[in-house]
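In terms of the working numbering, the sequence shown opens at residue 104 and continues consecutively. Each residue gets a CB set at the ideal place from its N, CA and C atoms; glycine is no exception.
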Amino acid sequence: TLLARFKKANVYLVNVRVPREYESHVNALMAEAAKKHKNVHLIDWYSASEGHTNYFAYDGIHLEYEGSKALSDLIQSRIKKHHKTATSSS
Numbered sequence: 104t105l106l107a108r109f110k111k112a113n114v115y116l117v118n119v120r121v122p123r124e125y126e127s128h129v130n131a132l133m134a135e136a137a138k139k140h141k142n143v144h145l146i147d148w149y150s151a152s153e154g155h156t157n158y159f160a161y162d163g164i165h166l167e168y169e170g171s172k173a174l175s176d177l178i179q180s181r182i183k184k185h186h187k188t189a190t191s192s193s
């Protein structure tokens, strides 16, 4: 698998909030991968975006500027937090 090929790298998966029938299945697969592999880290956009309808365009899928900013801030903060934790425990 792709994750097996990158077993020495930190892999960050960002789950989804999308009004489609596959949303919960995709999010469950990502959560499972994060539990199964030590190097896989889940960034929980689904929870972070809950209740923030202003993050999304009229279609509920595409992001507005506020949503793009919130998502990029979330990704950056989680990677920094993980990096800080990883380097302090070494």
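Rounded straight-line distance, which links the Cα of residue j to that of residue i
i, j, result
"residue 121", "residue 189", "31 Å"
"residue 184", "residue 128", "27 Å"
"residue 178", "residue 169", "14 Å"
"residue 151", "residue 176", "11 Å"
"residue 160", "residue 154", "14 Å"
"residue 115", "residue 162", "26 Å"
"residue 130", "residue 156", "19 Å"
"residue 123", "residue 108", "30 Å"
"residue 125", "residue 164", "13 Å"
"residue 111", "residue 180", "22 Å"
Cβ-Cβ distance between residue i and residue j below 7 Å
i, j, result
"residue 113", "residue 148", "no"
"residue 137", "residue 143", "yes"
"residue 140", "residue 166", "no"
Assigned exposure category for residue i - 16 Cβ within 10 Å defines buried
i, result
"residue 145", "buried"
"residue 158", "buried"
"residue 132", "exposed"
Identity of the residues DSSP links to residue i by a beta bridge
i, result
"residue 166", "159"
"residue 143", "114"
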